[in-house]
Structures are given as C-alpha cells and as structure tokens.
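Protein chains in written order, with numbering that gives the first Met the number 0: chain A, 0 to 269; chain B, 0 to 154; chain C, 0 to 255.
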Amino acid sequence: MNDNKNNNRIELRGVTVQLGDRVVLEGMDLAVPEGKVTAVMGPSGSGKTTVLKAITGQVPISAGEIRVGDVFVNQLSARKLNDMRRNIGMLLQNGALFTDLTSFDNVALPLREHTRLPETLIRKVVLTKLHAVGLRGAAELYPRELSGGMNRRIALARALALDPNIMLYDEPFTGLDPISMGAAVRLIRQINDVLGITSVVVTHDVTEVPRFADYCYIISDRKVVAQGTPAELENIDDGVVHQFIQGLPDGPVPFHYPAPDYTRDLLERH
Amino acid sequence: MKSSHQIEFTAGLFLLLGIACLIFLAVQATDGGSEIRGGSYELVASFGNVGGLRPRAKVSMAGVTVGQVERIELDPQTLDARVTMKISERYDDIPDDTSAAILTSGILGDQYVGLEPGGSPEPMRDGDQFLITQSAVVLEQLIGRFMMGGGGDEE
Amino acid sequence: MTTGSVTGKLFVDPVKEMGRAVLFLFTALSRMRFGKTQFLETMRQVYFMGVRSLVIIMISGFFVGLVLTLQLYDTLSRFGATEALGTALALSLFRELGPVLTVILFAGRAGTSVTAEIGLMKATEQLDALDLMAIDPMERIVQPRLLAGILAVPALVLVFNVMALLGGVVFSVFMMGIDGPSFWGNIQATVALGRDFMGGMFKAAVFGFLASWLAVYFGWSSKPTGEGVALATTQTVITTAIAVLLTDFILSAFML
Chain A
0 MNDNKNNNRI ELRGVTVQLG DRVVLEGMDL AVPEGKVTAV MGPSGSGKTT
50 VLKAITGQVP ISAGEIRVGD VFVNQLSARK LNDMRRNIGM LLQNGALFTD
100 LTSFDNVALP LREHTRLPET LIRKVVLTKL HAVGLRGAAE LYPRELSGGM
150 NRRIALARAL ALDPNIMLYD EPFTGLDPIS MGAAVRLIRQ INDVLGITSV
200 VVTHDVTEVP RFADYCYIIS DRKVVAQGTP AELENIDDGV VHQFIQGLPD
250 GPVPFHYPAP DYTRDLLERH
Chain B
0 MKSSHQIEFT AGLFLLLGIA CLIFLAVQAT DGGSEIRGGS YELVASFGNV
50 GGLRPRAKVS MAGVTVGQVE RIELDPQTLD ARVTMKISER YDDIPDDTSA
100 AILTSGILGD QYVGLEPGGS PEPMRDGDQF LITQSAVVLE QLIGRFMMGG
150 GGDEE
Chain C
0 MTTGSVTGKL FVDPVKEMGR AVLFLFTALS RMRFGKTQFL ETMRQVYFMG
50 VRSLVIIMIS GFFVGLVLTL QLYDTLSRFG ATEALGTALA LSLFRELGPV
100 LTVILFAGRA GTSVTAEIGL MKATEQLDAL DLMAIDPMER IVQPRLLAGI
150 LAVPALVLVF NVMALLGGVV FSVFMMGIDG PSFWGNIQAT VALGRDFMGG
200 MFKAAVFGFL ASWLAVYFGW SSKPTGEGVA LATTQTVITT AIAVLLTDFI
250 LSAFML
C-alpha cells in the first residue's frame, strides 16, 4: 500500500456513488493534499456533502476507490472503519450536538466513549477544547441555550476532542452572521495550521474561500469541473465555473427547472 | 433539567417503587401461590364423574386446604376419571379409609375435592387410592331428575 | 388508482413495514452490549420513559379502579354477588386492564416522545454524528430505550394496579360500606399468584417490549422532516395500540 503514498492525505479515484436510482457522484477524482485546507465548492445538490460522506464511509460507493492515509475506505470492515473514523473529526451542517447533553458533556462524550482517561483529566481536556473555540464559559449550557454559531463552535470542539488528524467541515458557514463567519474562517485556518492536520471544507460560499483555502475543487453535475488554487480559479474560462464564482443566476446551470415551452404551456387549453 | 445523578437516583427509586408494588400485590392481593411448598405426596381417587373439577383445584379437609389436584385423566379400563392429588407432607397421617368427594363452594363456585376422614389407624401412603368416593353433582342431571318426577331409574 | 396499487397499499406495504421493523429489531439485538455506559443510559431512559409517565398512570389507575368497581358493583348486586366484587376487580385488573391500559397510556406519553426524539436526532444529524464518532447509535440510542421499556412498563403496570385497587377500596369500602377485610379476603382466596398475577406481569413485560420497539423503530425510520416526525409519532400510538390488543388476545388464549 505504501506505493500509494504521496503528498495526498485523501484520494478519490473514479468514485461513483449511487443512491437508489440516482447517481450522485460519477467517476470522481479528487485529492486532498496533506496539511492543507482544501475547499470543495459547488451549487446545491451537486453532491458536495456526498463526497464527505463517502470519505467517512457513511455512503457506500459503487465504483472506484477512496484512500484515507494508507487505508482504502471501501474495503474496511465495520471495526476498521470505526478505527479510521476516530482519526477524523467532522463538523456536520448544524453542529448536530446532542440536545440532552450540556456543551461540556457533548465534548466529553467521545473521550468517555473511546478513552479510559480519569474524569479529572477529561475535564481538563474538555475545557481546553472549549477554550480553543472561545466557549469555555458556556460549558454548562445546553445546545438550545446557545446561538446557531455557538452550537457549531461547540460541535467543532467535540470534533476536535480526540485530536483527529483530518477535519471535515460540511457547510460550516450556512446561516452565520458576518462576525461568526469571520470567526469560523479564522478557526478553520488556525486549527489546520496549529494542529498540523488536513482539512476539507465543503461550502457554497464562494467569497469566503480565498480567505482559508489552499486548494479548491468545484463540483457540478456529479463531477469535478475545475480545480486549482483560489487565484487560479478566478481566471478559469469555463462556463459553469464562471457562473458559480461570479454568482450569476442563469448560465450553464439553468435558472429554470426543465419545463415545456413557456408560451405553449400558457396558451394550452386544459 | 436535572443533573444526571439525580436522574439515575430517581429512576432507581421508580424501579424500587415497582418492586414494592410487586411485593404488596403478590402478598396482599393474591393467594400467595397455592403451590404446595416443601415436600408432598400423591394420592389417587376414581370418580364416576368429575364435573367441572380442574387441575390446580384445591383439596381440603375440614375446610383446611391440604393440597391440590395435580391431574385428571380417564382410566382406560374402568372408564372412570382418575384424579391425582398432591398432598402436603405436613398432612401425612390421613387415615386410609378416608373418603373423597367433589364439592362445590357456593352455588356457582369452584369445584374442589373434599376429604372426609375415617377412623382407621393406618395412614395413606404415596400413590394410595381412596376407596370411597363421591362424584360431582351435575346440575343438569339434578334438574333432569326433578323434571322426571324424582325417578331414580337413571342410577 | 389501479387495483394493483390498492392491493399494494392494503397488504403489501404493511407487510413490508413489518419486515423492516423485524430486521431493525434483529440488528439492534445483534449489536447489544452491556457495560457501565449502557447501564447508566438505560437508567436515564427509565427516568424519561417511566418516571415521567408515573403521574398519568397513577391518576388513570385510580379512576379506572373507581369506575370499574362502580360498574361491577352495579352488575354484581343484581345477582346478589357483591362479595365477589374484590375478586372480579382484581382479576380484571391483573389479567387485562392493568397491562393493556397502562401500555396504551405509555405509548401515548413515553412512546411518542421517544419516536419524536429519535426522529429529531435523525433530522438534526445527531445519529450521523454518533456514527462519525465511531459510537454505534444502535447501542447508544436504541438499546437503552428498548431495555428501559421492558423495565418501566411492568413497574408502571404494578403502580397502576395498586392505584386501581385503591380506587376500588375507596368506592366499595368507604362509599358502599362493603366489609374491608372480606374484600381483601376474597381477593386473596381467589386470585392465583402464578396464573393471574404473574401471567399479567408477563403480559406487561411483553407489551413494554412491543411499545418501546415500535416507538424506537418509527423514530428510526421516520423521514427527517417535521412532517415525517409528526407522522411517525401518530404511527407509534396507532400501531402500538393495535399490536398490543392483538398480542393480548393471543397471549390470553394461550394462558387461559
């Protein structure tokens, strides 16, 4: 397996994902360089989140292979898959905190479940993680008592609890106000650099990407349509990429859902 | 929201309350399991008709429950009903000329086996058979007899 | 609608649903694990499912006992058989009404909240989050709730029975002047510990298992939307009621 070792921490090769009759990803190639922040962008419904779910083994792939470190996700047994997941921290769309646990217990859960640390040490670790996201003061509060942005930061602390070497973020900026957004962008960058881990950020927030990403992929219609550094992407002369980066309502990705001819539809008698 | 220790404690209390109810009901509101505790021995009685006697019906002597009916089966030779009873070991000196009768508690109550002691000095042993038995009174036959003018021709 | 789809709606879909529920149960049972975390989580669920249903069970039990005694008294007095009041009350409670009414109330109080809770966990990706933390949601979410139901329902049935007997005593002894000791004496003489009382408790455990299984299953399989969760809670109540009454008939037929 070591011959696969290169600078890429995660590699997808020819990955096809099919959910029921619907093909979500088709022959996708994607590489995530070690120690970098990689952004995966694309319009809604283009399969961005599925990329993350395929990496963590939550959705089965019907063709191709996915390498994470030196293991192939699609060949792992349930136990090995769990071992791999312990090294991956994932921030889900709305944080997905456990609503019946306090912030403290949420962050402590993976530690209590997967380590045999004494409670005094767990307390120290949890408070450190909460401090890192600036919410040590909210340790005893329940998720419902915190704002959406704070919930996501607690979830980030939870994802970091076991010191993962890969962080995956699923739409970390959705619904954040500009201040929280700024904080989130900075946190993602800092966590990546300070802890020396590899990050993948799935987002459709084009404007923020240059502030944290080292490398970008743009996905549309089940496959990668463009890749490069944020600066390179600005200059790519591709219809979809151009439309996406510029945020144009109509273009290769149509504004209208496929429909019969407008005039004829209106005039037709029923 | 309560702390997790309080929750666990309350849940424990709740289960204890359940157990307390279990004990209260089992002791206060049931027969406490009329299964005979300790040792027992079996006695057999043949009846021409057991009527509505059922397994687990009580066996009593002078109104005191001394055992219960274990099984009821048809004797293939005599075509009588063979009733096997389990008698508590405490009552081990039932005279061997004791008679057994199928009686009814109240007019429409359960049927049970009543033992009427004789005077023999010899006690009954495990597997012994009652020599004198009296079958159940079947209500339909009784009514039938009245209707027929008290005629004893059926006997 | 074609005949095919009508048959599908009426027969094939429910059978499929049953199949899925059974498969779900097998998966959950096959991944059972017993440790300190499981024990503590089960106790937490006993609290949420049992303790929080206690008040409604106690109130309902008392009034069921009261009204049942009233009806039995009226009926039995026509035959001059009021001395059988205690027996009739205790037998109908222990054998049928206690387990059946308790579990239906339980489904409405605790079952629905379990379904809604799991449905919301699904909608807010909490189940995914567990998966991603390498914590098995079957073991963490499903197993404690199944076990808690099997523990909580018999305990609730016992409380219900005690309260109903209390209601019976209040009506017959305090209001109708029936002799208290003979009321209890009749019960003690005629209610069999094994067949009547323990048989009822066996039913209670089976019903508790059914109710928590269905509650967890409908939450687990609900569509992760507000509408989906609402539908799932309704299904929990209806299906539990039907399943319990059906099982009750089968169990009673075998136990009598």
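Glycine included, each C-beta is placed from N, C-alpha and C at the ideal position.
Rounded to whole angstroms, the gap between the alpha carbons of Gln-110 (chain B) and Val-21 (chain C) is 45 angstroms. Measuring C-alpha to C-alpha distances from Ile-56 (chain C) to each of C:Val-152, C:Gly-118, C:Val-66 and C:Val-168 identifies C:Val-152 as the nearest.
Assigned with DSSP and collapsed to three states, Arg-81 (chain B) falls in strand. Out of A:Arg-135, A:Thr-49, A:Leu-247 and A:Ile-178, the CA that lies nearest to the CA of Gln-17 (chain A) is found in A:Thr-49.
Legend: CB atoms of the segment 98–131 of chain C lying less than 7 angstroms from CB atoms of chain B are not found in any residue.
In this structure, the alpha-carbon of His-255 (chain A) lies about 25 angstroms from that of Val-39 (chain A). The Cβ-Cβ distance between Phe-217 (chain C) and Gly-118 (chain C) falls below 9 angstroms. Within the segment 134–183 of chain A, the complete alpha helix (DSSP H) runs of at least 4 residues fall at 147–159.
Within the DSSP bridge table, the entry for Met-27 (chain A) names A:Val-14 as partners. One finds Leu-39, Met-42, Arg-43 and Tyr-46 in chain C with Cβ atoms closer than 8 angstroms to the Cβ of Glu-7 (chain B), taken in chain order.
Here the alpha carbon of Thr-9 (chain B) sits roughly 37 angstroms from the alpha carbon of Ala-77 (chain A). Restricting attention to A:Glu-118, A:Thr-119, A:Glu-139 and A:Ile-153, the CA atom closest to the CA of Leu-129 (chain A) is found in A:Ile-153. Nearest to Gly-238 (chain A) by alpha-carbon distance, out of A:Leu-247, A:Glu-231 and A:Thr-262, is A:Leu-247. Shortest Cα-Cα distance from Ala-27 (chain C) to any of C:Ser-211, C:Ser-221, C:Ser-171 and C:Thr-233 involves C:Ser-211.
Of all residues in the segment 166–179 of chain A, none is placed with a Cβ closer than 8 angstroms to any Cβ belonging to chain C. For the C-beta of Ser-3 (chain B), the chain C residues within less than 8 angstroms are, from N- to C-terminus, Leu-39 and Arg-43. One alpha carbon belongs to Ser-59 (chain C), the other to Glu-116 (chain C), and they sit about 25 angstroms apart. Beyond the five residues adjoining it in sequence on each side, Asp-125 (chain B) comes within less than 7 angstroms, by CB distance, of Tyr-40 and Glu-41 in the same chain, given in chain order. Taking a beta-carbon distance threshold of 9 angstroms, Thr-224 (chain C) does not count as an interface residue toward chain B.
In the three-state DSSP reduction, Tyr-90 (chain B) falls in the coil class, being neither helix nor strand.
The alpha carbon of Leu-129 (chain C) has as its nearest neighbour, out of A:Val-208, A:His-113 and A:Gly-34, the alpha carbon of A:His-113. By the rule that beta-carbons nearer than 9 angstroms mark a contact, Gly-17 (chain B) touches chain C.
Nearest C-alpha to Gly-26 (chain A) among A:Glu-10, A:Gly-174 and A:Gly-34: A:Glu-10. Using a Cβ-Cβ cut-off of 9 angstroms, His-113 (chain A) is close to Met-132, Ala-133 and Ile-134 of chain C, given in chain order.
For Ser-112 (chain C), the enclosing alpha helix (DSSP H) covers residues 111–122.
Per DSSP, Arg-70 (chain B) is one residue of the beta strand (DSSP E) stretching across 63–73.
Chain-order list of chain C residues neighbouring Thr-103 (chain B): empty, with the shortest C-beta distance near 14 angstroms, by a criterion of under 8 angstroms. In this structure, Gly-85 (chain C) places its C-beta atom within 9 angstroms of the C-beta atom of Gly-184 (chain C).
Chain-order list of chain C residues neighbouring Gly-11 (chain B): Met-42, by C-beta distance under 8 angstroms.
One finds Met-120, Gln-125, Ala-128 and Leu-129 in chain C with Cβ atoms closer than 9 angstroms to the Cβ of Phe-97 (chain A), taken in chain order.
Put simply, the CB of Ala-25 (chain B) is near chain C, with a gap under 9 angstroms to one of its CB atoms. Proximity of chain B to Asp-195 (chain C) at the Cβ level (cut-off 8 angstroms) is accounted for by Thr-29, in chain order. The beta carbon of Leu-14 (chain B) falls within 9 angstroms of a beta carbon belonging to chain C, placing the residue at that interface. Against chain B, the CB of Gly-49 (chain C) has a partner CB under 9 angstroms away; the residue lies at that interface. When secondary structure is reduced to three states using DSSP, Pro-136 (chain C) falls in the helix class.
With a cut-off of 8 angstroms on Cβ pairs, the segment 141–148 of chain A is not in contact with the segment 58–73 of chain A, counting fewer than three such pairs.
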